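Reviewing the structure listed below.
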């Protein structure tokens, strides 16, 4: 998963969680902001990126500030699948020491693998 996809999925998931907490269905939220239920569903699933003005309208209707829905860079980057992340995950499951894992990371970075 790339960075943009991870970001959009995170935001959508938070929107869904908050919508459900206040007992609002997708159709009702969509009507409040001029979107269809399908668009709300797609935003929540990370299949559609909301524009900034739509995101602000969602925030207003869910009673949250925009920063509530925005993750940190580290939160999103931890979701990204890269060759390095995949290799490091495999190494961790094989119980290599942190020192050995750092050595492998250095090699991967050096050769841009």
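Residue numbers (my numbering): 93 to 205.
In this text, a Cβ means the ideal position worked out from N, Cα and C, and glycines have one as well.
Quantities reported herein were computed from a predicted structural model and do not represent experimental measurements.
Buried versus exposed, by CB contacts within 10 Å (16 or more), residue i
i	result
residue 104	buried
residue 199	exposed
Residue i versus residue j: straight-line alpha-carbon distance, rounded
i	j	result
residue 140	residue 166	22 Å
residue 154	residue 110	7 Å
residue 145	residue 197	40 Å
residue 171	residue 191	23 Å
Extent of the continuous alpha helix (DSSP H) to which residue i belongs
i	result
residue 190	190-202
Three-state class that DSSP yields for residue i in the structure shown
i	result
residue 109	helix
Worksheet entry | Entirely enclosed alpha helix (DSSP H) segments - the segment 112-177, minimum 4 residues | 118-125, 129-137, 144-154, 165-169
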